[in-house]
Structure formats: structure tokens, C-alpha cells
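Student: Numbering (full-length UniProt numbering), first residue to last: 1 to 882. Mind looking over this structure? Questions follow.
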Amino acid sequence: MSRDAVPQPVRLGDYRPPDWLVDTVHLDVRLHPTAARIVARLALRPNPEGREGSPIVLDGDELNLKSVTLDGAPLAGSAYVATSTGLTLLAPPQRALTLEIETVVDPSANTRLMGLYRSSGTYCTQCEAEGFRRITYFPDRPDVLAVYTTRIEAERDEAPVLLGNGNPVEAGAVEDTSRHYAVWHDPWPKPSYLFALVGGKLDRITEDFVTATGKTVELGIYVEPGKTARAGYAMDALKRAMRWDEEAFGCEYDLDVFNIVAVADFNMGAMENKGLNIFNDKYVLASPETATDADYANIEAIIAHEYFHNWTGNRITCRDWFQLCLKEGLTVFRDQEFSSDQRSRPVKRIADVRLLKGHQFPEDSGPLAHPVRPSSYREINNFYTATVYEKGAEVVRMLKTVLGDEGFRAGMDLYLDRHDGDAATVEDFLACFADANGIDLTQFALWYAQSGTPRLAVSGHWDEAARSYRLDVAQTLPPTPGQSEKLPMVIPLAIGLVGPDGRDLPLALDDGSNAERGVLLVTKPRQSFVFRDVPHRPVPSLNRGFSAPVKLSSDLSTADLLFLARHDSDPFNRFDATQTLALSHLLEATSAVRAGGEQPAPDALVEALAATLGDTSLDPAFVAQALSIPSEADVAREIGEDVDPDAIHAARTRLRHAVGEALAPALEAVYARHAPTGNYSPDAASAGRRALRNTCLDLLAAGGTAKGIARAQAHFGAADNMTDRFFALAVLAHAAPDAREDALAAFHRQFRADPLVVDKWLALQAQIAEPQTLERVRDLTGHADFDWSNPNRVRALIGTFAGLNPTQFHRADGAGHDLVAGAVMDIDGRNPQLAARLLAAFKSWRSLEPVRRASAEAALRRVAGKPSLSPDVTDIVSRSLD
Ligand code: ARG
Ligand code: ZN
């Protein structure tokens, strides 16, 4: 890689307010497949907080400038410099002025899916983070807020539906032509990244929503023609989210209409453009025949997430992109709370923590580790990460744990009130919680600045004579890229001391205080907490509800863990005790495989699982989670270095087999007891029963018996919904090589017309843990239903192979690494964001054993050596190799 290919870093410390502000934007957009014309009229004025006498510097990206006027008069060529990446007015009059800029862009050639592009013929936009500059020249930064009016014009046949931000103002025919237009006005000042427009042939469902203060909002969801029947669940989720935000946060919607458009080609999940959310159709479209329970839950969460951005993101936006977690972490926290209230709180927490450990923990311990609020970046699109989103949400959750429900709500109320209309910072956010509660959050703020996952070592000591119990706690934070020295963090450690009867003992600290709400605040490198009046040796239940995103190690024995798995009043820790037993077995078993020795018997784990399976008082969704054996990636992360994925796979396969065998009668009984009773419904309770039944099906087939396989085949054949059908298909694909191809072919025949279901079919095949998968994935890239230009297809096939098939991605011969690196290099020319995301799958390469590590490094170096890499891929590859 040549040196000058590395983009220059942008640094938080260099932030300066904009020199020029934009009060209003009038856009006139004439849609055309290859030459869309945009006339932008910008009312600018010098920023009193900017540098006096500054030029006007506007961003651009691949723009074709047609004309520019200042206050109605053409600009002399010497008055400005225009390139495809910027437009600078060298010595503008230092007063309010109007610029009118005409640009032309080619939506059909826009394969990066940033700016204005076409998705299956529909015109749509994606402007976050820096896509608006691909539509017109503009100060494309989130602290320039303007009021937008947009006129959109198109051929009526080509785009009968024309949508913009805000409220519809007028619409009509363009006289004497086959064209028509619509004008939209958004009264709320917003940054350019929230701009959107859509034009296309779309069908719509619509419903009214009456807000808390009695205003009627017209809700619309637009989908490809013929797909409205699949938008109903998204509409239902939207209405529930709108009501919930009023009740939980006092946030009411603020426009006359709220529209959602589903498109087939989208780089991310969805986008919160003001009044006009644009979604990856995967997170809108659902029917029992085509969507799984997990799809329904994702749709509910993402519809809510984007809606919640209306306040946390739009009404209060970010000052600069370093503050991305200000809107993303907070909004993820809000959508998690929404789902918890709509479904089961413990089960949602378990799912969220699994996601955090599965994605964020590896990121935080590898070369791509970065703080929740980074202090520099070379490509902002690479910072839409699990750390910013998921760890960002954990930090907000810890704030709530530290302050309590009321203190947290007081801080949120103050934030929403004090900063409405602002482009804010993390400091602004924290100051609201500090002010509302009269506390100092200086040390807490380190969660935003220090990267890496803190380690917490805890040991307990019971003093029988003194009837006291002491917890010794030590925290460390390992070095991460750019951060060799770390300061101690504030760690809210929720705990319980469980007595021999399984009940929590009262927590009375020896300094006379009560551990408030069961939370110990760890703030020093080493700390001891002494509890009095502890008549029996308790079993400590540590980090209840996963109150802090840390790696915890303790001196709990196997007997203690078994006890917690049965008795802990905290459901998360009941789950976690079982997971800990499974993980410690798998670590031992993996070493045994590598040493060529005997694998230990999983007795303790089987005992815990049997108890959980036999406890009919438990929520089936919870039991399903508790029964799931940690993934191969979970084990690899726990091992941490010199990882051999084949050994992990062998150990885990053996364990699943042993569990399926040992628990067969109980699994069969639970399977039978949870047979479907009526028509499919996606509600949480029904989904929980399916999850448990399917988990039993899976473990029984993992036993490898003919009976187990036959049961899966029957389950596949009898399924009347995608959850059951696809789960059975997955069981067959993994456990029954002989039955696999027929089942895959039958599934494909039935659903080939449906790209979102084809994605499931691709993803499943990419996950098969056998050497032939590499060829299979290669062949599938040539399949008629595969399409390199569609991000969902690429992620389903290549992304799943890299992310969820550790033995084949990390093949010892390096062919898996080659496949992914090759795909990244191919895709980079068309869609750098997608390529960079795929490449990030290498993030844990340094933890592999030497042969695989060398092959991963060689693949990364090949990518690095390719001429004319995008800034996106350049950034990921150079940080990965650093
Ligand atoms: N703000 C969107 C969300 O809620 C993500 C959009 C990111 N897009 C991008 N191209 N980086 O999560
Ligand atoms: Zn978001």
C-alpha cells in the first residue's frame, strides 16, 4: 500500500465550529435514471462563533457541477474553486447570502449506495454519515442545521410515489409533460445526514396514530408492489414504539406524517431520516411463511430504534461524528428497553449480552479496538461498530444502574429539555445526569474514552466467627491500540449473596451502608467489601443482569455454579452459571483434543441442564437460552490465544452429542409438550415455545441417532411457518449430510422467488463445518440467485462464511482466508463500505494458532498490497496489521 493512500486522520481535538451556517435549503431535484439534476438554494451566513473572513468551503463527492450563482448572479470563475470533492468560494462577502448550485449525478451508476441511488428501480438516498455531499455541495457536517424544503420531480410512470422529509406541501402534474412533482417541507432544523428522498413505484399501507396530546399522525409504510401483506407487523411495531416512547420517555412525535420505505439494496439496517425512515427490506417485510421469530423480533427492535432516533438523534443530534455514540448508544439502549417491555426482560437481556460478547468483546480485544467515543478516525463509516452501538448502550445502562430509575429519568428529562435543537456532545449528555443528580461523573466518563474490556477478579471469604463475608475485587484494563496506560473505571457490580436455602441474604455493609439496590461501586484497582450478619457461607451471585460489560473471573466452584444455576433469583446469572459450566468444560475438552487425550465427561453441565429442563416453572424462552451450548466463537474468545478452531469444533460436537444422549428422554418429553397448538403467532410467548422445542430437536439430532434425524425430517415436512421449517433445515444441514441436499433443494424450490428467504438458504450453506463448504460457497457465488451487487446477498453468503464458520474461514490451508480476501478486493471497487465490513471479520486473527495466523496475515497483506484501495478498506486493513 502506498503511503499517500492512507487517508489523513480526523481528530476530535481539532474540532472547530463551522465558519458558515446554513439557515434554509431549497432543493429542486429532477429525477432521472442516469442524470438527476439537483438545484440547491442555500441561505448562508457567517457563524459568529467561526473565524472571521473565512472562505465558504463546501464538501462534494463525485459531483458534476453545472452552475453556481451568488445572490442570483453567476460567479466569476476566479471567485471559486470547484473539484469533484469540494467547492470553495475564496473571498465571499461576509454577510448573509444565497448560493444556488446546480449539480448532476448518476443514480444508476451509484453502486456505493451512498447519496442518491436506485434500488430495484426505486430512487432512494442514504446520507449518513457523509452522503449528502454526493447530491450537492454542502457543509456536510452534523453541526450545520438547516430547514429544508424539497421539490421532487419525476416521470409519473417511473416514480408515481415521491416522498421527502417533513410534511407534504403540494403535489401535481408538470404541465404538458409526462412528469409530476411533490413538495415537502421539514420545519425542524436538521443536519444534512438526515436528508432523504424517495421516488418509485411502491405500494403503501397506512394507519393513523393519535399522539399523547391528541394530534393525528398519518403513518405510511411503502414496499415493493405486491408486498403490503408483509408490512403489517412493522406497522404494528411502529405504533407500539410511538406509544412506548411517550410513556417511557415523554417523547411525542412532531410531524403530521411518518413514512417508512423498504428497499432491497441497503448497506446497513435502516436509517432515521427525519419523517422518512429508509429501511433494508429485511427489517420490514415479514410473514409467517417467510420470516422467523428472530426476524420478527429484529423488525420490532429496528422499527423502534429508527423511530426513537426522532428524539435521540434528530431533535438532539451530534456535534461531530466522534459523538456518534451519543445518538447510537442511547438509542440502542432505548430500543433494548422497548423490546424488554414488549417481551421478556430476562430473555432480552440474555440475548443482548450474547450479542455483546459475540461481537463487541472480540472487537475490543483485537486490533480494531476503539473507545465508545473514538478520538480520531480515517473513515467514519468504519465506526458504526458494536463498540459504538452495543457497548455505547451498555454505558447508558450502567448510568441507569448507578443513578437508579428516578435519577436516570431526571437526567434524561433534563437532556431532552436542555438540548432540544442542539448538536450535542457526550459531555453535554453526562452533564445533564450529573446536574440532575448532584453527582460527579468524571471517572464514569472514562467508559467513553478508554477502550478494551475491563477484567474483574472477585474472591469471597466467609468469616464464621465474625459472621461476616468479604468480597475482594481487583480490576484491570488491558492495553489496546493507542492506549497503553489505563485508569481505573467505575464498575457498577450488581450482586446478591445467596443463602443455603436459595434466598438472597440482606446486604448490610460493615460501614453501616446498604449496598444500594444491590450494587457495589468498584472504583479502585483493588477494593474489598465486607458484609455483616452473614450466618452461613453464602454463594455470591456476581454482576447480576450483567450490570457491567466486564470479563469476570471468580473463585466459584463447580458446586457453587450448579447451585446458582438452580437457585439464583437473578435469571441472567442462572443462565450465566450454566454457560460458565459449559465453557469451562469446553476449554478443558479443547485442550484434551489438542493433546490427543480423552475428553472429560460433562457431568456437572448435564446435571445443570437436566435441572433447568425439568423446572416447569421457567419461561420456555429462558430454558431455550439456558440449554444452548456456547458457540465455537464463544470458546475461542475464552481461550484468547493460540486458537485452533478445529479442536474447538471437535470438542463442542462431542459435547452436544453427549448432552443429547444423556438428556434424550427429557428432551423428547419437552419436545412433545411444546408441539404447536394453533396458528402461528409471532408473539414472544409463542416464539419462546418454538425456541425451546427447536432447541430440543437440535440436541436430539446432535446425538446423531437415526431417530433424531428422522424427527428433524418430520419437523421440516410438517412445519407451517418459517421458524420451524428453517430450524429443521439447519439441523439437517449440520447433522445429516445424507438428508441435507434434498432438504436444501426442496427449500430452494419453494422459496426461490423470495430473495430474503434465499438469503437464509445461502447463509445456512455457508455455515456448514466441513471442507467442501469452500467449494460450495464458490459455486453459490455463480448461482442465478446470487448477486454481488446486493449487500444482503453478499453478507448472507460471504459474511456468514467469515463470521459464523470458524473452522472453514480459518482453514489451515488458508483457502478460507483467500476466499474472503478475494471477495473484499472484488467488492471494494463497487461498494467500499460493504467491502470494509467484510474485511473486519479478520479482527481476531492474532489470536489464532501460528499456521492460521500466518495465513490470515498473508491474506491481509495481499489486500493491503492491492493498488487503488478505497479509504474504507485501507483503514481497516492498516489497523488490522498495525
Ligand atoms: N443511523 C443508522 C442507524 O440507526 C445507521 C446508518 C449508518 N449508515 C452508514 N452508511 N454508515 O443505526
Ligand atoms: Zn441508530
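All C-beta atoms in this analysis are idealised placements derived from N, C-alpha and C, irrespective of residue type, glycine included.
Is there at least one non-hydrogen atom of the ligand ZN closer than 7 Å to the beta-carbon of T331?
Tutor: Because some heavy atom of the ligand ZN lies under 7 Å away, the Cβ of T331 counts as near it: yes.
Student: Mind checking whether the beta-carbon of residue 932 lies closer than 7 Å to any heavy atom of the ligand ARG?
Tutor: With the chain covering 1 to 882 only, the question about residue 932 has no answer from this structure.
Student: Rounded to whole angstroms, what is the Cα-Cα separation between A423 and L116?
Tutor: Taking the straight line from one Cα to the other gives about 25 Å.
Student: Please report the distance separating the alpha-carbon of S686 from that of I303.
Tutor: So the two alpha carbons sit approximately 21 Å from each other.
Student: Please give the ranges of any beta strand (DSSP E) in the region 535-608, keeping only runs that are unbroken, at least 3 residues long and fully inside the region.
Tutor: For the region 535-608, whole beta strand (DSSP E) runs of length 3 or above, ordered along the chain, are 539-542 and 551-554.
Student: Suppose contacts are defined by Cβ-Cβ distances below 8 Å. Is P160 in contact with K201 by that definition?
Tutor: Yes. Within cutoff.
Student: Is it buried or exposed for D4, if we count other Cβ within 10 angstroms and need 16 for buried?
Tutor: Unreliable placement is indicated for D4, whose pLDDT of 43 sits below 50; no coordinate value is reported for it.
Student: Any heavy atom of the ligand ARG inside 7 Å of the beta-carbon of N381?
Tutor: Yes, the Cβ of N381 comes within 7 Å of a heavy atom of the ligand ARG.
Student: Considering only residues of the same chain and omitting the five flanking positions on each side of S287, which have a CB-CB separation below 7 Å?
Tutor: If we look at S287 and ignore the five residues flanking it on each side, its Cβ neighbours are A229 and R230.
Student: Taking only the alpha-carbon atoms, compute the straight-line gap between A76 and T83 and give it to the nearest angstrom.
Tutor: Approximately 16 Å, taken between the alpha carbons.
Student: Determine the burial state of H461: buried for a count of at least 16 other Cβ atoms within 10 Å of its Cβ, exposed for fewer.
Tutor: By the neighbour-count rule (16 or more Cβ atoms within 10 Å), H461 is not buried but exposed.
Student: Using the C-alpha atoms, what's the distance from R689 back to P867?
Tutor: Answer to the nearest angstrom: the Cα atoms are 53 Å apart.
Student: Do the region 167-177 and the region 41-56 meet, that is, are 3 or more Cβ pairs less than 8 Å apart?
Tutor: Cβ pair count under 8 Å is below three, so no.
Student: Quick one: residues in its chain with C-beta nearer than 8 Å to the C-beta of D341, no 5 flanking neighbours on either side, listed in chain order?
Tutor: Counting only Cβ-Cβ distances below 8 Å, and skipping sequence neighbours, we find W244 and A248.
Student: I'd like the list of long-range same chain contacts for R861, defined as Cβ closer than 8 Å, with 5 residues on each side in sequence excluded.
Tutor: The residues are L881.
Student: Is L116 close to chain C? Criterion is C-beta to C-beta, closer than 8 Å.
Tutor: The structure shown has no chain C; it contains just one protein chain.
Student: Quick one: what does DSSP say G518 is sitting in, helix, strand or coil?
Tutor: Helix at G518.
Student: May I ask you to report which of helix, strand or coil DSSP gives V261?
Tutor: Of the three classes helix, strand and coil, the one that applies to V261 here is strand, per DSSP.
Student: Among A386, S451 and L732, which has the Cα closest to the Cα of P481?
Tutor: If we check each option's Cα against that of P481, S451 comes out closest.
Student: Would you mind working out which of E207, S192, T292 and P107 sits nearest S681, comparing C-alpha positions?
Tutor: Nearest option by C-alpha distance: T292.
Student: Do A301 and S344 have their C-beta atoms closer together than 8 Å?
Tutor: Cβ atoms of A301 and S344: not closer than 8 Å.
Student: Would you mind working out which of L330, D265, F258 and A264 sits nearest N273, comparing C-alpha positions?
Tutor: For N273, the nearest C-alpha among the options comes from F258.
Student: In whole angstroms, what separates the C-alpha of M1 from that of P832?
Tutor: Summary for M1: the model assigns pLDDT 37, below 50, so the residue's position carries little reliability; its value from the coordinates is reported in the next sentence. One C-alpha to the other measures close to 16 Å.
Student: Could you check if M489 belongs to the surroundings of the ligand ARG, using beta carbon to heavy atom distance under 7 Å?
Tutor: No.
Student: Please list the terminal residues of the continuous alpha helix (DSSP H) segment that includes residue 963.
Tutor: Residue 963 is absent from the model: the chain starts at 1 and stops at 882.
Student: Pull up the CB-CB distance for R846 and R853, whole angstroms please, since I reckon it's below 8 Å.
Tutor: Yes, R846 and R853 are in contact; Cβ-Cβ is about 6 Å, under 8 Å.
Student: Where does C127 fall in DSSP's three states?
Tutor: C127: coil per DSSP, three-state reduction.
Student: Expressed to the nearest angstrom, what Euclidean distance is found between the alpha-carbon atoms of H783 and L797?
Tutor: The straight-line gap from Cα to Cα measures roughly 11 Å.
Student: Looking at H309 and the ligand ZN, is the gap between the Cβ and the nearest heavy atom below 7 Å?
Tutor: Correct: H309 has its Cβ closer than 7 Å to the ligand ZN.
Student: Compare the beta carbon distance of I101 and T136 with 8 Å and say whether it is the shorter of the two.
Tutor: Yes, the pair counts as a contact, with Cβ atoms nearer than the cut-off.
Student: What residue from A96, A79, N64 and R112 has the CA that sits closest to N104's CA?
Tutor: Residue 104 is actually Val in this sequence, not Asn. Of A96, A79, N64 and R112, the residue nearest in Cα terms is N64.
Student: Can you check DSSP and say which residues form a bridge with I316?
Tutor: T312.
Student: What is the DSSP secondary structure of M114, reduced to helix, strand or coil?
Tutor: In this structure, M114 counts as coil in the three-state DSSP scheme.
Student: Could you work out which residue in L446, D143 and D265 is closest to W321 when comparing CA atoms only?
Tutor: It is D143.
Student: Please go through the same chain and pick out, in chain order, the residues whose beta-carbon is closer than 7 Å to the beta-carbon of T800, but skip the five residues on each side of it.
Tutor: Correct list, in chain order: A763, A766 and Q767.
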